[in-house]
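Visitor: Handing you this structure, nothing more for now.
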């Protein structure tokens with residue numbers, strides 16, 4: 001367990017055997033222990049950045065630096081260190097999934113990560129750090145294994161999205177036998193769910209695109225080329241990322257279809273309501289006409305003195321309503 005030194009913030013470091021150690025600005029070390037192969041900076045302060053720059057001899061990118069869009073700003077080599085930035089998905093379990101930019105630095109056989117959010121993948125990777133075959137012998141192995149975990153986690157996110165989209169599709173297009181009707185505003189509520197899934201898949205595709213660029217760049221790094229295991233793993237992850245990108249595109253197409261179909265069903269139900277009102281107005285029009293005729297107050301009207309005029313007028317109104325109703329039923333409009 002890593003303990004926070006009194007009076008200072010903590011930087012997490014991880015050794016070859018997976019053991020976690022704490023680095024603090026309150027008690028800064030004179031030098032890094034040789035067995036530390038991974039340093040994880042989470043929302044680093046300026047003091048922490050300066051401490052790590054002094055220990056590593058490199059410049060630590062700031063949050064603004066990580067937000068660079070151009071590949072030249074995200075993938076470069078400087079002072080013998082390899083700097084890479086990828087956008088990772090987080091908050092995938094919510095309706096507001098987002099991307100966070102994470103920096104990866106290979107320097108002096110170590111991996112340094114800089115992040116300003118808590119993607120679940122880091123917790124999963126740290127939990128299994130001690131189970132890496134052959135141990136965490138250097139930063140390249142840590143990085144490739146971390147990217148493999150990111151790929152697996154992205155695959156899991158897409159699988160969970162597919163399951164939820166299938167359930168949503170069944171809810172929208174489910175069995176409506178026995179005259180069962182949908183609850184009011186059900187489809188409108190489902191549109192919000194569709195929008196949430198669309199955002200999740202769109203963010204996932206953006207993340208996969210950034211990971212693909214990073215892996216293409218990483219494969220050319222000399223440290224990776226010299227390590228056969230890491231080189232082959234990097235190629236394998238690249239293929240997985242490509243496959244996941246294609247799968248995400250397929251899911252996106254399904255979401256688009258579900259969205260269009262939901263909007264179409266809403267229009268059908270609204271048209272059905274309008275049709276009912278239209279038919280009702282047509283059915284009630286003849287009785288209204290009869291009532292209007294016998295509601296006129298002219299002095300000379302033949303039926304004014306008729307003893308059975310009132311019941312006959314009621315009967316005429318009822319009959320004039322029944323005839324259009326059955327005519328519409330015969331035509332199949334009702």
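In the UniProt record's numbering, the protein residues as written are 1 to 334.
C-beta atoms are modelled at their ideal positions from N, C-alpha and C, and glycine is treated no differently.
For the putative contact between residue 187 and residue 143, defined by C-beta atoms under 8 angstroms, what is the C-beta separation to the nearest angstrom?
Guide: That pair is no contact at about 46 angstroms.
Visitor: Under a three-way DSSP split, which group does residue 98 fall into?
Guide: strand
Visitor: Closest Cβ-Cβ distance between residue 260 and chain B: below 9 angstroms?
Guide: Absent from the structure: chain B. Only one protein chain is present.
Visitor: Consult DSSP for residue 15 and reduce its assignment to one of helix, strand or coil.
Guide: strand
Visitor: Can you round the beta-carbon distance between residue 158 and residue 204 to whole angstroms, since I take them to be within the 8 angstroms contact cut?
Guide: 6 angstroms
Visitor: Tell me, please, which residues DSSP counts as bridged to residue 84.
Guide: 75 and 104
Visitor: Exposed or buried, which one is residue 310 when buried takes at least 16 other CB atoms within 10 Å?
Guide: Taking every protein chain shown into account, the CB of residue 310 has fewer than 16 other CB atoms within 10 angstroms, so this residue is exposed.
Visitor: In terms of DSSP beta bridges, what is residue 41 paired with?
Guide: Residue 41 pairs with 114.
Visitor: If we call anything under 9 angstroms between Cβ atoms a contact, is residue 244 one with residue 151?
Guide: yes
Visitor: Tell me, to the nearest whole angstrom, how far the beta carbon of residue 108 is from that of residue 16; I am working on the premise that it is less than 8 angstroms.
Guide: Contact flag wrong, Cβ pair sits at about 14 angstroms.
Visitor: So, helix, strand or coil for residue 90, using DSSP?
Guide: strand
Visitor: Decide if residue 178 is buried, meaning its Cβ has at least 16 other Cβ atoms within 10 Å, or exposed.
Guide: Note that residue 178 scores 46 on pLDDT, short of 50, meaning its location in the model is unreliable and no value can be drawn from it.
Visitor: Can we say the region 93–101 touches the region 113–124, given the rule of at least three CB pairs closer than 8 angstroms?
Guide: yes
Visitor: With DSSP collapsed to three states, give me the class of residue 132.
Guide: coil
Visitor: Quick check on residue 21: does DSSP put it in helix, strand or coil?
Guide: strand
Visitor: Am I right that residue 255 and residue 172 are in contact with their C-beta atoms under 8 angstroms? What's the rounded C-beta distance?
Guide: In fact, because the Cβ distance is near 12 angstroms, the residues do not count as touching under 8 angstroms.
Visitor: Which same chain residues end up closer than 6 angstroms to residue 49 when comparing Cβ atoms and leaving out the 5 residues on each side of it in sequence?
Guide: Excluding sequence neighbours, residue 49 sits near 60.
Visitor: Is residue 301 buried or exposed, if buried means 16 or more other CB atoms sit within 10 Å of its CB?
Guide: exposed
Visitor: Hey, could you find the ends of the alpha helix (DSSP H) residue 324 is sitting in?
Guide: Under the DSSP assignment, residue 324 falls in the alpha helix (DSSP H) whose first and last residues are 309–331.
Visitor: With respect to the alpha helix (DSSP H) encompassing residue 123, which residues constitute its N-terminal and C-terminal limits?
Guide: 120–127
Visitor: On a CA-only basis, which of 303, 280, 308 and 297 is nearest residue 320? Give me that one, please.
Guide: 280
Visitor: If you pair each beta-carbon of the region 82–99 with each one of the region 12–31, do three or more pairs fall below 8 angstroms?
Guide: no
Visitor: Nearer than 8 angstroms: is that true of the beta carbon of residue 68 relative to any heavy atom of the ligand SAH?
Guide: The ligand SAH is absent from the structure shown, which contains no ligand whatsoever.
Visitor: Look up residue 36 in the DSSP assignment and give the residues it is bridged to.
Guide: 15
Visitor: For the alpha helix (DSSP H) holding residue 142, just list the boundary residues, first then last.
Guide: 139–173
Visitor: Starting from the C-beta of residue 316, find all residues in its chain whose C-beta is less than 6 angstroms away, skip the five residues before and the five after it, and write them out in chain order.
Guide: 290
Visitor: Between which two residues does the alpha helix (DSSP H) containing residue 253 stretch?
Guide: Its alpha helix (DSSP H) spans residues 228–293.
Visitor: State the DSSP-derived secondary structure class of residue 199, mapped to helix, strand or coil.
Guide: helix
Visitor: Closest by CA to residue 232, which one among 196, 148 and 251?
Guide: Here the closest residue by C-alpha is 148.
Visitor: Does the separation of the CB atoms of residue 88 and residue 139 fall below 9 angstroms?
Guide: Going by C-beta atoms, residue 88 is not nearer than 9 angstroms to residue 139.
Visitor: When you compare the CB positions of residue 52 and residue 39, do they come within less than 9 angstroms of one another, or not?
Guide: yes
Visitor: What is the residue span of the alpha helix (DSSP H) that residue 299 lies within?
Guide: It is not in any alpha helix (DSSP H) - residue 299 carries neither H nor E in the DSSP assignment.
Visitor: DSSP state of residue 59, grouped into three classes?
Guide: Of the three classes helix, strand and coil, the one that applies to residue 59 here is coil, per DSSP.
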